[in-house]
Every structure is written in structure tokens, then in C-alpha cells.
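First to last, the protein sequences are chains A and B. Residue numbers for the first sequence follow the working numbering, beginning at 218 and rising by one. Residue numbers for the second sequence follow the working numbering, beginning at 218 and rising by one. Step one of this worksheet: look at the structure below.
2 protein chains.
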Amino acid sequence: MDGLTIHEAAETTGWSPRMLRYIERVGLLAMRRSQSGYRLYGPEELQRLRTLRELLRSFDIGLAEIGFALRLRREPELGSAVEAWFETEARRPQDVPADEWLRWEQDKHQALLAATKPTPLEITT
Amino acid sequence: MDGLTIHEAAETTGWSPRMLRYIERVGLLAMRRSQSGYRLYGPEELQRLRTLRELLRSFDIGLAEIGFALRLRREPELGSAVEAWFETEARRPQDVPADEWLRWEQDKHQALLAATKPTPLEITT
DNA sequence: CAAACGTTGACACAGGTGTGGCAAGGTCGG
DNA sequence: CCGACCTTGCCACACCTGTGTCAACGTTTG
């Protein structure tokens with residue numbers, strides 16, 4: 218049996234066994250299992266767990282935020298849409314002649330809508 | 218008085234007045250105010266609010282996630298640290314000779330620690 | 001085999017999110 | 001000036017996050 222058990226892993230990573238299961242439950246880490254279903258923690262997992270802990274602590278964030286960051290990098294449309302929304306903020310109406318920015322705002326919105334609906338009905342039969 | 222009042226804005230954006238205040242409270246949008254303190258909504262704000270609504274709806278996310286995305290782009294160290302953590306996952310131990318990846322794991326960790334502590338004691342007197 | 005440990009599931013509880021509603025008090029428009 | 005609307009608090013409530021604990025049941029090991 219290569220790999221530490223959950224209690225051993227808990228001790229060397231600073232998480233509680235409870236939280237190690239929770240981290241897995243929320244989809245951040247999928248642990249290897251023994252044939253009988255026991256979680257097995259190897260050096261890489263241990264290191265990742267320590268790093269994760271430090272990451273959460275030093276920026277005061279939660280597992281949910283890491284989960285969202287994961288979604289951001291896995292769903293490009295989501296990333297683009299969020300970026301688009303922020304970009305809109307960056308550009309202020311003073312930058313453009315009064316009657317231009319309204320159209321520009323509208324265009325931004327169009328772009329975003331396009332991004333949120335990646336393939337509307339393109340089923341490619 | 219240029220700009221709609223909160224109830225008018227609510228009607229044209231689909232948010233409730235309650236939520237418009239809440240959105241401001243959590244730091245996503247800082248509304249202009251009239252001299253007496255009334256929130257004023259111009260066309261750009263209205264459009265941004267509609268877009269935001271669509272964004273949350275179509276990806277089923279909350280204001281908190283947008284807030285975190287904002288943090289990600291405002292705090293580069295946070296972004297790097299999260300990226301570093303994900304990168305570690307990308308590289309699997311099969312890719313490297315068994316006794317190399319342990320050192321590599323450790324190096325990754327070092328890099329991350331460096332990122333989380335931008336200027337340890339470098340006060341540049 | 002019995003003790004120690006693992007697994008999942010449930011109850012619990014504090015704090016955050018997303019809403020609504022109500023109160024007390026200031027503002028605006030006719 | 002009065003009614004309609006705005007502002008900020010506070011109460012409320014449901015659901016999610018992060019933890020702990022305990023139960024019921026399977027596994028490993030001395």
C-alpha cells in the first residue's frame with residue numbers, strides 16, 4: 218500500500234481528516250483510492266495540500282474561490298464574459314464623444330451575449 | 218438631475234432596488250450620488266447592470282464570484298499563486314523520472330511561497 | 001479475532017450570500 | 001405642506017461553506 222492514510226496525511230498537511238474529505242467533495246482534488254476504497258496520499262498530494270493551505274491562509278480566501286478560479290480556466294466563455302464585463306468598466310464615457318459611447322456600450326453588450334451563447338443551435342449534423 | 222432613481226433603474230434592469238443597493242454594498246459598482254445622497258443611474262450603469270444580470274444568470278454564478286474575479290485581476294500575486302497551484306496539478310509524476318519530481322514539487326512550492334510573500338523583509342531604506 | 005482505523009451519511013452550528021420587509025428620518029414635486 | 005420616494009439600519013429566512021462529532025458498517029493488522 219503506497220501512500221499515507223487520511224489521518225497521517227492530516228498530520229503532515231495541517232488539515233483535519235474531515236477537511237481532507239471535504240476538499241475532495243468540492244472537487245478540488247481527486248484522491249487515489251486503494252482497492253478497498255481508502256484514500257491514499259502520496260508526496261505530491263501532500264505537497265499540494267500544504268500549498269493549498271498556505272494559499273488560502275495568506276490571501277484569506279476559501280475553497281469556493283479556488284473552485285471558481287478552476288471554472289474560470291476550464292470554461293473560456295466564462296472567462297471572456299467576466300473579462301468583457303470588467304472591460305466595460307475600464308472605458309469611461311469621458312473617453313468618447315457623448316453620442317458614441319452609447320453605441321459602444323451596446324456593442325460591448327452584443328459581444329458579451331455572443332460569448333455567453335457559444336453555439337446557439339449549431340448542432341453540426 | 219441626470220439619471221434614473223433606484224426604482225426606475227430597478228424596472229429597466231430587472232434587479233430589485235434592494236439588490237441594486239446590495240450590489241453596491243459588496244463593491245461591484247459604485248454609483249454616482251446626487252447632492253442629497255440619492256443614487257443616480259445613467260445609461261452606462263443601466264447597461265452594465267443588465268449585462269451583469271445576464272452574466273450571473275447564464276453561468277449560474279453569484280456576485281461573490283465576480284468579486285473574486287475582480288480581486289484576481291487587481292492582485293497579481295493572488296493570480297500567480299492560484300495559477301501556480303493549478304500548474305502543479307498539470308504536471309504528473311509519470312512525466313518525470315521518479316526521483317526528480319520530488320525535487321520539482323519542492324521547487325514549485327518554493328516558487329509559490331515566494332509569490333505569496335512579495336517583499337519579505339526588503340524594506341529598501 | 002479484536003482494536004484501530006477507513007468510509008459514507010447525518011446532525012449541528014457559525015458566518016456569508018441573496019432576498020424581502022419594515023422603521024425612522026431626509027428629499028422632491030405638485 | 002403632504003405624499004411619494006430615497007437613505008441607512010435591522011429582522012428574517014434559505015441555502016452554501018467550513019468544521020466538529022457521532023453512528024453504522026467495512027478493512028487492516030497485531
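C-beta atoms are modelled at their ideal positions from N, C-alpha and C, and glycine is treated no differently.
C-beta neighbour in chain A for residue i, strict 7 Å
i	result
B/Pro314	Its pLDDT being 42, under 50, B/Pro314 is placed unreliably in this model, and the coordinates cannot settle the point.
B/Leu295	yes
B/Val299	yes
B/Pro310	Reliability fails at B/Pro310, whose pLDDT of 43 lies under 50, so the model's placement of it is uncertain and no value is given.
B/Arg242	no
B/Arg265	yes
Neighbour-count burial assignment, residue i, 16 or more Cβ in a 10 Å radius
i	result
B/Ala247	exposed
A/Arg265	buried
A/Glu304	exposed
B/Glu292	exposed
B/Glu262	buried
Reduced DSSP secondary structure (H/G/I, E/B, other) of residue i
i	result
B/Leu221	strand
B/Tyr255	coil
A/Pro310	Low per-residue confidence applies at A/Pro310: pLDDT is 43, beneath 50, and the placement is therefore not dependable enough to give any value.
Short CB-CB distance (under 7 Å) between residue i and chain B
i	result
A/Pro335	Low per-residue confidence applies at A/Pro335: pLDDT is 35, beneath 50, and the placement is therefore not dependable, though the value from the model is reported in the following sentence. So no, A/Pro335 is outside the interface.
A/Leu272	yes
A/Ala247	no
A/His222	The sequence given here places Thr at residue 222 of chain A; His does not occur at that position. No, because no Cβ of chain B sits closer than 7 Å to the Cβ of A/Thr222.
A/Glu282	yes
A/Ala226	no
A/Leu256	First, the residue type needs correcting, since residue 256 of chain A is Arg and not Leu in the sequence shown. So no, A/Arg256 is outside the interface.
A/Thr229	no
A/Glu317	Confidence at A/Glu317 is low in this model, with a pLDDT of 40, below 50, so the placement of that residue should be treated as unreliable; the coordinate-derived value is given next. Not closer than 7 Å to any Cβ of chain B, the Cβ of A/Glu317 fails to qualify, so no.
A/Trp232	no
Supposed close pair residue i, residue j - CB separation, criterion 8 Å
i	j	result
A/Ala281	B/Leu272	Rounded, the Cβ-Cβ distance is 18 Å, inconsistent with contact.
B/Leu289	A/Ala286	7 Å
B/Trp302	A/Thr268	6 Å
B/Ile278	B/Leu245	That pair is no contact at about 12 Å.
A/Trp232	A/Arg270	6 Å
A/Leu237	B/Phe276	No, A/Leu237 and B/Phe276 are not in contact; Cβ-Cβ is about 29 Å, not under 8 Å.
Handout entry: Three CB pairs or more closer than 8 Å across the region 250 to 269 of chain A and the region 222 to 234 of chain A
Key = yes
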